[in-house]
Structure formats: C-alpha cells, structure tokens
Amino acid sequence: MTRFLTPSKVGILVLIELYTEAIVPTSSTLPILSFILNQLVPATVRSQSRDPTSSQTLPFILDLKAFETLLAAHAAASGLPGRSLWDHFLKKLWEIDSLDALHTFFANRTNLLAKTRDEIKKDSESGIPPPPEDSIVLSRTSPFGSFVRRSKVEFERLRFSDALALWKAFTRWREGSRTYWTRRNGGLGRWAGDRALEDGEEEWGTDATELLELVAYGGLSLEDETAGSVSTDDVEKLLEFQVEQMQKLGNRVPPEVRDKFQSILGESIMIPSLSHYLNFLDAWRAGDYPTSFDNLHRYFDYTMQNRDRLFYQYALMNLAVLQADFGCFDEAVAAMLETVSTARENKDMACLNFALNWLYHFGKAHPDTIKGTDSSNMLGVEREGLAYLRVKAKETGMWTLWGSSLLSEAKLGMSNGESIATTFENMLKSSQLIVDKNMKTMMGPQLAMYSSMWARLGISHLSRQYCQIFLSCHARYTLFDDTLRFTCRLAHLLTEKGRYDEAMEKLDGLDENSLRSWKANQYWLRYRGVIRLKRDLRRNQLDGADQLLSQLLQFTGTDIDSDLAFEINILHIEYLTRRTDYRAALAKIEQMATGMKEDGDDLNLQVKLLTMKALLQGKCGRPQKGFSVAVRAASIAWRARLIPSLWAAMGAVANILTSLSEFQASAQILIAIIPRALEYENCSLNAQLYSFLVDAFMGMAGQAEAGSIKRKENLTKCLEYIDRAFSQYSFIEDIKGQCEMMAKKATIMRVVGEKVLANDYAGAYLDLKKEAALAQV
Ligand SMILES: *[C@@H]1O[C@H](CO)[C@@H](O)[C@H](O)[C@H]1NC(C)=O
Ligand SMILES: *[C@@H]1O[C@H](CO)[C@@H](O)[C@H](O)[C@H]1NC(C)=O
Ligand SMILES: *[C@@H]1O[C@H](CO)[C@@H](O)[C@H](O)[C@H]1NC(C)=O
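So for the sequence shown, the working numbering puts the first residue at 9; every next one is plus one.
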C-alpha cells in the first residue's frame, strides 16, 4: 500500500489539468470543482458546509464510473464539437501509456503551478516567455496547488517497485474505459495504452508479446481488484470519517462496511492507531466491555508514546465515560476526578469544563455514588455549580457546554416546580445560542425540553409537534439516542390515545443499523415491552401482563433510565390494583415515595404517586382516608403548574366529595376541569373524570324526589356522561371500564323503568364480560 498515491488520485490530477487548460466550460465549473474539492478537503471541514443532497453518494474509492457520471454530462468548451469532458479526460488518461509516461506526467505537474519569483526571473533570463495572462495557474498554497505539489513529491519518493505497482494498478483501474476509448478512436490496436508492448510487437511477434504481458502484469485476476487502489492516506481519512460519524450519530459501523474495511486494513503493514479507537467505539456500542477496554488502552498506549502526555486527560475521560456506561460507577467517578486534576495541571479548560459538567449530570443520576466521594463539594451546591459551569463555558467559548448548562438550569427549575417564566427564559437563551452558533447537535436536548414543558402544561399537541419537528428536521444531524427518545415519546403519546399499532409501527420503523448499538437496543426493547404491557393491562389480559412485568421489573435497577423505571413501577402498581391486591399496591407506592424523598426527585412524579394513593384508598372503599393526600397532590401540582397532574388530583378530590354526599360541589369541580383536561388527550384520564361525573349526577338524582323532573333530568345527564366515558374507554380498549359503564347504564334503565333497554344493556355487559374472560384465556 502506498502512502498517498492511487490511480484515482491520478484521475483527480488529470481533472485539475483539464480545468487549468480551460476546457471546462464556465457553466460546469461548479460541479467539477466541488467534485475535486470533495476529494481534497478533510472530511471534518467538508461535513460542516455540505448540503445533504450532493456528493454523499460518491464511493469511497473513486472508480472510473464516478468520473464518467460527472464528466459525460458536460460538453467541452473547446476542441472538436460533440466531444464531452469525458472524452478529453480519457484522452489524457490514455496518453499515459508507459511507466515512463507516468514519470513525465508527474514531472510535468509543476507546469500547472504559478511560478515563483525566482523561476520567473530564471525563465526570462533563458528567454522562455511568461505564460499568457489569461491562463489558469494554481497558487502554490491553494488546496489544488498543495495537492499537486504533494502528489509530485510523493511520486518522486516512491521506490521503483511501488511506482511499478502504481502503474499496474493504474492500468487496471483504467481498463473499464477501454472499449469506449477504442470505439471512439476507431482502429486502436490491441496494445493501446502500452507503448512498450505496442512497439515491441513488430519485433517479437504477437505470441511473445502476450507472454511478456502476462509476465509483466500477471493475470488480471479479480481477487486483487482493489490492490494498489487504496493508500494509507485514504485509510486514515476513512478512519477519521468513521470515528466522527460514530461520535456524531452514536451508531455502530455497518457490518458490510466493517468487513470491507478489515480486508483493506489487512493489506497494510502499518495499522493506524486510530483504528484501535474505532474498534474501541464499536465494541463499546456493542456492549462488549472487555474488548472496548482493551482497545482504549491500546489506542492511548500508542498515541502516548508518539506525542507527549498532553492528551492524557482525554484517555482518562474516555475511560470514565466507558466505565459509567457499563455500570462501574465508583471506578468511573475516580477516573473522572483524576481527569479533573490532570486537566487542571495541563491547563486544559475545555476538558476540565466537560469533566465538571459530566460529574454534575452523573451526580444527578446517581446521587448515592457521588455522595461517597468528596466530589460533591467540588461544584458546591447544585445551583451554584451550574452557574459556575455556565460562566466558565462562556469565558472559554465552549458554546455546547454553555447551552447545555442553560438547559440544565431550565430543567432543574422545571423539576423543582419553580417559575415557568424563568424556565422559559433559560430555554430561550439556549435557543438563541444554538441558532447563533449553528449547533445542530444541541437541537435534540432543546426540543426535548420544549416538548416536556408543554406536556407539563397540559398542551399535548404542542408537545407532540416538537417531537415531530425534531424527527423530520433535525434527526439526521444528531445522536441516534435523541431520535430514539423522541420516537418513544411519540409512541407514548399515541398509546395514551389507544393507538397501539401505530405506536409499535413508529418504534419498528427505526433504523436497524443504529439499533445494533447495545444501549439503544435495550432501551428500545424495554419501551416496546412497556407499550405491550399497557395494552395487556387495559385489555385485562393479566397473565400476559404478569409475564411482561416479571421481565421488565428486573430492569428497574440503577442501570436504566429513571423515567422508564418509574413508568414500569407505575404499571406494576396498576397491575396489582387490577388484581385487586390493594395492600401490595399501597406498599409499593409507599416504597417508591420513600425512595423519592431522599433524592429530591421530580415533583411531577411525586404528585403522580400521591394521586394514585388517594384513588387507591377510594378503591379500597374508604375514600375519605385519601382526602389530605389528594388535596396535597392538588396543591403541589397547582404551585408547580403541573396541569395534567392537577386535573387528575382534582378528580380524586371530587371523588372524595361524592363519597361525602357533596354531589353538587363534586359536579362543579368536574365540569370546570373536564374541558381543559380534554386538551391533554389522555383517554384514561378523560374516562376516569367522566365516570366520576356520572357518580356525582347519580347522587344528585338520588337526592331529588322519586319521579320528579329533577331526578329524570339528572339521570339523563348520567346517561350522556356514561356514553362519553364508555367511548373513551373503548379508544384505549379498556375492557373493565367498558363493563363498568354498561352495568351502570343497565341499572339506570331499570330505575327509569325501561325494562327492554335495561335488558339490552345487561346483555351487552355480559358480552363484554365474556370477551374479557376470553382474552384472559
Ligand atoms: C512536459 O513539459 C515539457 C516542458 O516543460 C514539455 O516540453 C512536454 O511536452 C511536456 N510533456 C507532456 C507529456 O505534456
Ligand atoms: C394519563 O392518565 C392516567 C390516569 O390519570 C395516568 O396514570 C397517566 O400517567 C396519564 N398519562 C400521561 C402521559 O400523563
Ligand atoms: C339534579 O338534581 C338537583 C337536586 O337534587 C338539582 O338541584 C339540579 O338542578 C338537577 N340537575 C339537573 C341538570 O336537572
């Protein structure tokens, strides 16, 4: 493998020559120049300015086809009419007809460059006229100029055998255009493109020449088709590109790319150290702890030797993040603390700030682990720590960190139930920063924040819209993790409306290769499990639910996302409630509540638990016992503006009022909140509120005199609300709720004296029951 030169680079050189000879018409300059630049400029620079539509489909190893596609479409500006740039290109390509011509080709590359002052002077002394004013010459320091110079130098440095290998690879690479080329130039001989053989044939005869060809070039076998067409330079570029992609998108290398890449690497004697880093990333994503650990060590062993120890802190940082990902929290914290002190020593502010930011987030997620170390006082109290990070990030110009600390502040305010205005202010600040600095990768956290903010304010469709905006506009620039989270959130919203199949479709539609990453895959699997569990619970298929639960509950330990763990626990409580095991359900709520107080967790979760407890007391037949709990939930929710939780808590309060025979008050509350609760598009909440309303009206009807108009009116209202509750229950396929509503309807009909209708409804009730029983089996 050569260090730099490959046949496709010769092609690029020819293309550059075409350009300087002004054969490229003005209208086609742009596509051709961008094609060349695409090959010369490092991938990192390129990806920032690239528009997504062009140039992405180019093969990594440029074959002749890529040149043909580009050039055949453009007519040449000079020369014979009817000739395209492709013809001119081939002409130059086939003019290199021997190893000697290849040497001349490279030696003559200096003609493309602008002359230095000394050269001009020398030329004028020896009488060579300066090039005409309007000819295109390349500045020596331009990307084109430096590429041309480097190619020349690299060729001169090649050993003879390498130059020969390049020549052979070049003839093989060019071979695809032979048919076209000979047809176009009618009557070219058998040895076109190889002057040595062509000249020799007259002397030696055909057979001897063919033998010589076989000896010189070997059979053109298919195996080494790519031999010599890749250089170390290409491999390094490819590695950089892959590492960048993996870090940007959080994917793994697709298997077919990896296999091809391995075979290319196999040719090379030198293994670039970056390939260890690539292996490290891939093994990490695959969840293979020992291998990733090995490769990380190997990578830093190599790089540490070559460069000084200035990068030591990055090794430590990678190690810490790796260990945290595999659940070795104590080791991770130790490594990160070491990172902090090394970064301080080396005065690497960027690394230091990143490490502190990481420690902050880690501390939020694992308060117990961080408590044991002395790192908690490194950042002081939580809020001060964030403010410190924000100021430092601003000073050092780390925009990403600045934006993320603003978002963290907003999140902290939100989960503590502080002022909504302040939260929005922080979000706006970070939004401005993101737009200002064009930080596409930050779009995920930003929109997630908006989405959850609107969900908390009870406007479901705005929340959904932000998810959709992210998925359709920003997903391709950011980590796959973000895409996964947003898709799960959308699926969650769909589940609340009973559209289970659509939700599943959304999850199944995610990119298969990205899901090969171990963590993402685990999350994805669990989320599917949660949706199926929800459906099973509502359809009253308790045995199926039991099985799913027993699997999901194993994951509620420390290694899982805390929101998902909470959701699973809530579903467990619902399962116990449906099994009418109220004691266990209550015990579980108590257990979760005590765990929560220690962590100072999100208020929203606290309110949810309190409301569940109050409703559970109602189910146990002693609703009054839940009164203080329900009122507390409502007041917390009101203060923190957790609107959907507020409606749920007020529903619980109304239910208690009904049990105290305060039907009027209960109905008043419910009638006030239901229209707003409907905005949240949560069918089970809606159904619950309607069914409470039915109870309240039923109570009022009972208070009215028998046979009075008032009673009749109240009963009619009851029927109306039963229908609404029933339809909400049907949306989410909640069999038990549907049964309950049917039974109530049948009872009312009997009271009113509509015997036939009552029987009909009783029949419908029995059918539903049967269906539920069948589902059980
Ligand atoms: C190479 O350059 C020299 C002068 O610099 C010129 O005479 C010669 O024709 C060139 N050869 C080719 C193949 O262009
Ligand atoms: C929908 O309402 C139910 C019942 O109040 C509640 O348990 C569930 O958490 C709510 N869903 C969302 C997404 O808030
Ligand atoms: C229901 O009955 C109550 C008295 O028990 C009465 O005040 C109220 O107006 C009635 N509601 C309707 C809609 O008739």
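All residues carry an ideal CB built from backbone N, CA and C; glycine is no exception.
Asked, Found
"Could you tell me whether any non-hydrogen atom of ligand 2 is closer than 7 Å to the CB of Glu-504?", "yes"
"State yes or no: is the C-beta of Arg-192 within less than 8 Å of the C-beta of Leu-101?", "no"
"I need the straight-line Cα distance from Trp-199 to Ser-159, nearest angstrom please.", "28 Å"
"Could you name the residues that DSSP lists as bridge partners for Ala-83?", "Ser-92"
"Buried or exposed for Glu-142, please, with buried defined as at least 16 other CB atoms from any protein chain shown within 10 angstroms of its CB.", "Checking the displayed sequence, the identity of residue 142 turns out to be Asp instead of Glu. Asp-142 is exposed by the Cβ-count criterion."
"Shorter than 7 Å, the distance from the beta carbon of Met-706 to the closest heavy atom of ligand 3, or not?", "no"
"What are the boundary residues of the alpha helix (DSSP H) that Leu-623 is part of?", "611-627"
"Between Leu-79 and the rest of its own chain, which residues show a CB-CB distance below 7 Å, the 5 nearest in sequence each way excluded?", "Ser-92, Leu-93, Trp-94, Phe-97"
"Which parts of the stretch 102-147 are runs of the alpha helix (DSSP H), unbroken and 4 residues or longer, counting only runs that do not cross its ends?", "107-115, 125-133"
"Looking at the unbroken alpha helix (DSSP H) that takes in Gln-736, where does it start and where does it end?", "717-739"
"Three or more C-beta pairs under 8 Å: does that hold for the stretch 693-710 against the stretch 742-756?", "yes"
"By Cβ distance below 6 Å, which residues in the same chain neighbour Ala-81 in space, the five residues on each side in sequence not counted?", "none"
"CA-CA distance, Val-764 and Phe-574?", "47 Å"
"What's the call for Gln-555, buried or exposed, on a 16-neighbour Cβ count within 10 Å?", "exposed"
"DSSP three-state call for Thr-486: helix, strand or coil?", "coil"
"Grouping DSSP H, G and I as helix and E and B as strand, with all else coil, what is His-500?", "helix"
"Check whether the stretch 159-168 and the stretch 204-219 are in contact - that is, three or more C-beta pairs closer than 8 Å.", "no"
"In whole angstroms, what separates the C-alpha of Leu-23 from that of Leu-120?", "12 Å"
"Does the beta-carbon of Arg-543 have 16 or more other beta-carbons within 10 angstroms, so that it is buried, or is it exposed?", "buried"
"What ranges does the alpha helix (DSSP H) occupy inside the stretch 291-359, keeping only unbroken runs of at least 4 residues that lie completely in it?", "297-314, 320-333, 337-353"
"Use the C-beta contact count for Gln-250: other C-beta atoms within 10 angstroms, 16 or more gives buried, fewer gives exposed.", "buried"
"Going by the beta-carbon positions, is the gap between Phe-671 and Gln-736 smaller than 8 Å?", "no"
"Note down the Cα distance separating Trp-189 from Lys-245, rounded to an integer number of angstroms.", "32 Å"
"May I have the straight-line CA-CA distance separating Thr-28 from Gly-452, to the nearest angstrom?", "45 Å"
"Please return the same chain residues whose Cβ sits closer than 7 Å to the Cβ of Phe-308, not counting the five positions on each side in sequence.", "Ala-323"
"For Asp-170, I'd like the list of residues in its chain whose CB is within less than 7 Å of its CB, leaving aside the five on either flank, ordered along the chain.", "Thr-10"
"If distances are taken between C-alpha atoms only, which option among Lys-621, Thr-585, Glu-582 comes closest to Glu-598?", "Lys-621"
"Report whether the distance from the Cβ of Gln-711 to the nearest heavy atom of ligand 5 is below 7 Å.", "Annotation note on ligand 5: not contained in the displayed structure, which lists ligand 1, ligand 2 and ligand 3 as its ligands."
"Pair every Cβ in the stretch 282-295 with every Cβ in the stretch 525-538, then say whether three or more of these pairs are closer than 8 Å.", "yes"
"So which of Leu-70, Ala-85, Leu-550, Ser-106 has the shortest CA-CA distance to Ser-35?", "Ala-85"
"Terminal residues of the continuous alpha helix (DSSP H) containing Ser-642?", "Here residue 642 turns out to be Ala, not Ser, going by the sequence shown. Counting along the chain, the alpha helix (DSSP H) containing Ala-642 begins and ends at 635-647."
"Distance, Cα to Cα, Arg-391 vs Asn-446?", "27 Å"
"Taking the straight line between their C-alpha atoms, what separation do you get for Ala-74 and Thr-14?", "15 Å"
"Use the C-beta contact count for Ala-660: other C-beta atoms within 10 angstroms, 16 or more gives buried, fewer gives exposed.", "buried"
"Please name the residue, chosen from Ile-682, Arg-547, Ala-648, Ala-680, that lies closest to Lys-777 on a Cα-to-Cα basis.", "Arg-547"
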